[in-house]
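So the sequence shown is numbered by full-length UniProt numbering: it starts at 1 and just counts up by one. Every residue gets a Cβ at the ideal spot worked out from N, C-alpha and C, and that includes glycine. Since we're looking at a predicted model, the values are computed, not measured. Worksheet for the structure shown next.
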Amino acid sequence: MSIQSENNFTLNDDVNGPVLAAVFATEMILALIANGVVLLITITQRNSWKQSSTIFFTSLILAHLVLNLLYLPFTIIALAAGEWIFGSTDEEKRETCDFVAYTLWYSIPVITITLAAISFDRFLFIVKPHLHKQFMRPWVALTLTLAIWILSAVVTFTPFIKGSGAAFIYEGSHGTCTIILLELEFAIVCFLGSLLVVSIIVVTSVWTFCFTRKFIHNQSEIAGDNVYASRKKRLFGIFGAMLIVYGLCFTPGIINYAVVRVIFVDDRIYLAIVISFIFVTVLSPIVQSYFRPEIKNKIVFICRKILQKPPQRDRVNYPVSSNNNSSGSKTEINRIGTSTQLTMSLDNALNTEHSSTTVV
């Protein structure tokens, strides 16, 4: 099902489009920088691709880029213009808006299911390290990642089907293309799917936490410098930090999803929910860059190289001498530009004028 024909694709007058466009543009720029840096460093670190975690975390980065390259640019321009301008006819506008809304709808299961895969991968690494080494090969992680993207594409395609119980629509009340749930059955199916993913994350995370202390003590040598086994942050680690980040950014949307069919949610609250959801694409790569050893070490190396001062050349200091001839020799030497001429003049001054000269 697509956008309703009576939609005029115009932003409501009570919505400050330019301000919202500026907020989304700021988020997009920060997200592109953060995700771009992490992705480029990951590509150059060939050894890290031997770990399944690298593939899963890169999948998250790509999902963030989908949002920031295929959803936000259209939304920002439409908010700044005060209407949906992508298309010369209503039919073309419906098609482009459907596509933009689909990218948002598509990114949600990709991110959440990938988080569940990371949680399961971390569970195997901590609780069953030998099984993890045997089973979770890079090609297995890549296969799971491709399956997640394909499954998400198929599941989120349903709003394009008439009578599916959902539709893509342009909401003039907040100036974005989004999805609306028309049938209770569709909402229940979405809820059950989300509950399954969240259950996997919760069960594996709690189980992992309970076994972490004992595992770290017995398997410290096996852990090495893997991303899941930070020696200073073992109980918390990268996944714990990411759960907090995604939890804070996704919770407003989850609450809205739960109550939207019961109570009216103000449009300003919905906009805050969208801003919060997009902001996770900024925070998540920052967490990765802090906890992933190969990313952090490379960033630290680059920063040190940039901040490193260039080597200084040897300087020749001439203290004040009571001999007038010494002052004359000093003045003559200071006029010479090259280092070779400077050395020759210095030798002549020392031999002929017997001045008191100090070389540092």
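Residues near residue i by beta carbon distance below 6 Å, same chain, minus five either side
| i | result |
| --- | --- |
| Arg335 | For Arg335, the pLDDT reaches just 46, beneath the cut-off of 50, and the residue's location in the model is therefore unreliable, leaving the point undetermined. |
| Asn12 | Gly172, Ser173 |
| Gln45 | Glu294 |
| Lys298 | Ile41 |
| residue 366 | Outside the displayed range of the chain (1 to 360) lies residue 366, so it cannot be described from this structure. |
| Trp105 | Thr156, Ile179 |
| Leu181 | Ala166, Ala187 |
Cut-off 7 Å between Cβ atoms - residues of its own chain near residue i, not counting five sequence neighbours on either side
| i | result |
| --- | --- |
| Ile61 | Asn35, Val38, Leu39, Pro285 |
| Gly175 | Leu11, Val15, Gly17, Leu20, Ala78, Leu79 |
| Leu195 | none |
| residue 381 | Look at the range of the chain in this structure, 1 to 360, and you will see that residue 381 is not part of it. |
Residue closest to residue i, alpha-carbon to alpha-carbon, out of the options
| i | options | result |
| --- | --- | --- |
| Val15 | Thr58, Leu65, Ala81 | Ala81 |
| Thr114 | Lys50, Asn8, Leu146 | Leu146 |
| Glu183 | Phe277, Ile150, Phe191 | Phe191 |
| Val287 | Arg268, Met242, Lys305, Ile278 | Met242 |
| Thr54 | Gly165, Arg268, Asp121 | Asp121 |
| Thr112 | Ile179, Val282, Ile273, Gly193 | Gly193 |
| Phe9 | Phe301, Lys50, Glu91, Asn68 | Glu91 |
| Val189 | Ser205, Leu248, Thr158 | Thr158 |
| Gly253 | Ile273, Glu95, Ile43 | Ile273 |
| Val203 | Thr103, Leu124, Ser152 | Leu124 |
| Leu69 | Pro129, Ile33, Ala141, Lys305 | Ile33 |
| Leu151 | Phe135, Thr26, Ser107, Ile306 | Ser107 |
Opposing strand residues paired with residue i [DSSP bridges]
| i | result |
| --- | --- |
| Thr178 | Ile169 |
| Thr204 | In DSSP, Thr204 forms no bridge with anything. |
| Thr114 | For Thr114, which the question treats as bridged, DSSP gives no partner whatsoever. |
| Thr281 | For Thr281, which the question treats as bridged, DSSP gives no partner whatsoever. |
| Thr10 | Glu83 |
Under 8 Å between C-beta atoms of residue i and residue j
| i | j | result |
| --- | --- | --- |
| Val100 | Cys177 | yes |
| Asp98 | Phe168 | yes |
| Ala21 | His64 | no |
| Met28 | Ile76 | yes |
| Asn256 | Tyr246 | no |
| Ile275 | Val23 | yes |
| Phe291 | Cys249 | no |
| Phe239 | Ile118 | yes |
Residue-chain proximity (residue i, chain B), Cβ-Cβ < 8 Å
| i | result |
| --- | --- |
| Gly172 | You won't find chain B in this structure, because it holds only one protein chain. |
Taking the runs of the alpha helix (DSSP H) that are 4 residues or longer, which of them lie wholly in the stretch 239 to 263?
-> Not a single unbroken stretch of the alpha helix (DSSP H) spanning 4 or more residues falls wholly within the stretch 239 to 263.
Segments of 4+ residues assigned as alpha helix (DSSP H) that fall wholly inside the stretch 54 to 108 | Within the stretch 54 to 108, the complete alpha helix (DSSP H) runs of at least 4 residues are 72 to 81.
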